[in-house]
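The working numbering applies: residue 310 is where the sequence shown begins, and numbers increase by one. Cβ atoms here follow ideal geometry from the backbone N, Cα and C, with glycine treated the same way.
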Amino acid sequence: MSNNSAKKRKLFAFKVVACFGIGLMLALNVLPVLRPVSFKVQEVLAVETQPIASLRVCKIVSDEQWVVSDGAAHLGVFTIHAPTATIYIESDSTSSVPTTSFTTPLTLNTDLLGNDGINDAQCITYSDIEFSNYFYGEEQVQGSNWLEPLYLSVLQGEQITQGKFATYTDGWFTETTSDDGGQAGHNGLVDMYPYVVDDWPEQFNQTLVIWNRYQTQAPPVNQAPSITLLGSNPFNV
Numbered sequence: 310m311s312n313n314s315a316k317k318r319k320l321f322a323f324k325v326v327a328c329f330g331i332g333l334m335l336a337l338n339v340l341p342v343l344r345p346v347s348f349k350v351q352e353v354l355a356v357e358t359q360p361i362a363s364l365r366v367c368k369i370v371s372d373e374q375w376v377v378s379d380g381a382a383h384l385g386v387f388t389i390h391a392p393t394a395t396i397y398i399e400s401d402s403t404s405s406v407p408t409t410s411f412t413t414p415l416t417l418n419t420d421l422l423g424n425d426g427i428n429d430a431q432c433i434t435y436s437d438i439e440f441s442n443y444f445y446g447e448e449q450v451q452g453s454n455w456l457e458p459l460y461l462s463v464l465q466g467e468q469i470t471q472g473k474f475a476t477y478t479d480g481w482f483t484e485t486t487s488d489d490g491g492q493a494g495h496n497g498l499v500d501m502y503p504y505v506v507d508d509w510p511e512q513f514n515q516t517l518v519i520w521n522r523y524q525t526q527a528p529p530v531n532q533a534p535s536i537t538l539l540g541s542n543p544f545n546v
């Protein structure tokens, strides 16, 4: 018998056994059933992260020569509050700066001037507030010898110098809105409303600074000139 004939008989026998085995499994209903694989897909939600609105209200005190101090030698109570007049502005949202008070001597806790590590202002921070246009009225000052307050609103981190401050203006309370853009330093307003999405990272972290100066030298008083006539009997005219 040739080797080829033996190989053919073995292959035939394997096929017969295989067919018999499959038939038996079908008869016994034990043939494995292929099932679709279920993959659990984790849903990823795209969350748009919005910045948190933060408003810092600060007080700086100095003499008329801009020498900063805590004001311990000069009694003063300062209160910033909502405006009492009607505001005219083209905006979807208007709010008021929270009523904030400071009393001398200040508790100096913030370095606003010179970035020298020396605290020169007292600041109070309001966090998690709504995005809006925050208006404020003229500061109320209790005490003697205080000059007119100066105001400035800036982005947090922006350089602050005395030349940027201005006295209070009432342009927001006129019926026309054409003059709103000319308000010095957005005087009377802290703009924290998202007109442009790209402005969000900076626009919602702002500082309102009110600078109060006390007068150390009495202003000159108008007096009649004193003329002395010399002679045997001098006298004043």
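What residues in its chain sit with their C-beta under 7 Å from that of residue i, if we drop five residues either side in the sequence?
i	result
Glu447	Tyr477
Asn428	Leu417, Asn418, Thr419, Asp420
Val499	Leu364, Val406, Tyr443, Ser462, Gln515, Leu517
Could you name the residues of the same chain whose beta carbon sits closer than 6 Å to that of residue i, not counting the 5 residues immediately before and after it, in chain order?
i	result
Ser400	Asn442
Thr525	Asp372
Val450	Phe387
Glu457	Thr476
Trp520	Ile369, Leu459, Phe474
Pro392	Phe444, Gly446
Check for me: the beta strand (DSSP E) holding residue i runs from which residue to which?
i	result
Ile519	514-523
Ser462	459-464
Ser453	Unbroken run through Ser453: none, as it is neither H nor E.
Phe440	Per DSSP, Phe440 belongs to no beta strand (DSSP E) and is neither H nor E.
Lys473	That residue, Lys473, is in no beta strand (DSSP E); it is neither H nor E in DSSP.
Ser402	Looking at the DSSP string, Ser402 is not in any beta strand (DSSP E), and its letter there is neither H nor E.
Thr412	409-412
Thr419	Unbroken run through Thr419: none, as it is neither H nor E.
Val386	386-389
Ala394	Element bounds for Ala394: n/a, residue is neither H nor E.
Ile369	362-372
Val376	No beta strand (DSSP E) holds Val376; DSSP gives it neither H nor E.
Leu498	498-501
To the nearest whole angstrom, what separates the beta carbons of residue i and residue j, a pair I think is in contact under 8 Å?
i	j	result
Pro414	Asp372	Going by Cβ atoms, the distance from Pro414 to Asp372 rounds to 14 Å, so no, they are not a contact pair.
Measure the C-alpha to C-alpha separation of residue i and residue j and round it to an integer number of angstroms.
i	j	result
Val518	Tyr397	23 Å
Thr388	Leu464	22 Å
Gly426	Asp420	6 Å
Gly370	Phe474	Looking at the sequence itself, residue 370 is Val, so the reference to Gly does not match. Computed Cα separation, rounded: 13 Å.
Asp437	Leu459	27 Å
Cys367	Val377	14 Å
Thr434	Leu422	18 Å
Asn454	Thr408	24 Å
Asp479	Ala430	26 Å
Glu484	Asn424	40 Å
Is residue i near residue j, with beta carbons less than 8 Å apart?
i	j	result
Gly481	Gly466	The sequence shown places Trp at residue 481, not Gly. No, Cβ-Cβ distance for Trp481 and Gly466 is not below 8 Å.
Cys432	Arg522	no
His390	Gly452	no
Trp375	Gln471	yes
Ser405	Tyr445	yes
Can you list, in chain order, the residues of its chain whose CB lies under 8 Å from that of residue i, leaving out five sequence neighbours each side?
i	result
Phe440	Ala362, Ser402, Met501, Tyr502, Pro503, Phe513
Thr412	Gly385, Val386, Phe387
Val346	Annotation note: pLDDT 34 at Val346 (below 50); position unreliable, coordinate value reported separately. If we look at Val346 and ignore the five residues flanking it on each side, it has no Cβ neighbours.
Thr395	Phe482
Ala381	Thr413, Pro414
Ala355	Because Ala355 carries a pLDDT of 34, less than 50, the predicted location of this residue cannot be relied on, and the following value inherits that uncertainty. Excluding residues within five positions, none has a Cβ falling inside 8 Å.
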